[in-house]
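Have a look at the structure below before the remarks.
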Amino acid sequence: MDKKTIYINYQVYHNKEEMPADLQKVVDAARKSSLNAYAPYSSFRVGAAVLLSNDIVFCGNNQENASYPEGLCAERVTLFAAMANYPQESIKAIAICGNPIHFQLPHPLSPCGACRQVMVEYENKFHHPIQVVMCTMSGECIVVESAKDLLPLQFSSNDLNGK
Ligand SMILES: [Zn+2]
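Using the working numbering, you'd call the opening residue of the sequence shown number 9 and step up by one each time.
And the structure:
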């Protein structure tokens, strides 16, 4: 038996101004997009934005439904819409911003497991890591250099192909 350990590296930016300009752009877009979330049931608004390889920023937000499981997270709304419109552009970065109506988030918002899986799919499609920027409406942001950092030992198409 071998015991192994997985480490991840991440950066903590104390405010948006410390970040590189391209990341500031996606954080701004994600924050703004959270205001358009359709979250009448949870009141937990989330905005997301992706920076594509053609430097277009594409936004989305969570969309809820009276039949609860039919809603979708901001990250997947954004990723699927971006990839539907720009299928040849790889994704450089995704920013995620939690903006609940009834309280202020005490820490940057992390993507759920399902959204991490979808991010890794697009990393594999383009053979390009996606920087994941987790933030609140103001203040601290956490950045990892690849979605794989957030989903170690991930399931992928290699598993389906016996690789
Ligand atoms: Zn999610």
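Where is the CB? At the ideal position from N, CA and C, for every residue including glycine.
Quick caveat: nothing in here was measured; it's all calculated off a predicted structure.
So what's residue i in DSSP terms, helix, strand or just coil?
i, result
"Met142", "strand"
"Tyr76", "helix"
"Ala45", "coil"
"Lys12", "coil"
"Lys171", "coil"
Just curious, the alpha helix (DSSP H) that residue i is in, first and last residue?
i, result
"Gln112", "Looking at the DSSP string, Gln112 is not in any alpha helix (DSSP H), and its letter there is neither H nor E."
"Tyr130", "121-134"
"Ala89", "82-93"
Nearest to residue i by alpha carbon, out of the options?
i, options, result
"Ala82", "Val35, His22, Gly68", "Gly68"
"His136", "Ser61, Asp36, Tyr15", "Ser61"
"Gln162", "Glu153, Met127, Val140, Val152", "Met127"
In terms of residue numbering, what span does the beta strand (DSSP E) encompassing residue i cover?
i, result
"Leu59", "52-60"
"Asn69", "65-69"
"Cys149", "149-152"
"Phe19", "A quick correction: the sequence has Gln, not Phe, at residue 19. It spans 19-21 - the beta strand (DSSP E) in which Gln19 sits, taken as one unbroken run."
So residue i packs on residue j, CB below 8 angstroms; how close in whole Å?
i, j, result
"Ala37", "Val20", "Ala37 to Val20, Cβ: 21 angstroms. No contact."
Original post:
Which residues have their C-beta within less than 7 angstroms of a heavy atom of ligand 1, listed in chain order?
Top reply: This criterion selects Cys81, Glu83, Arg84, Pro119, Cys120, Ala122, Cys123.
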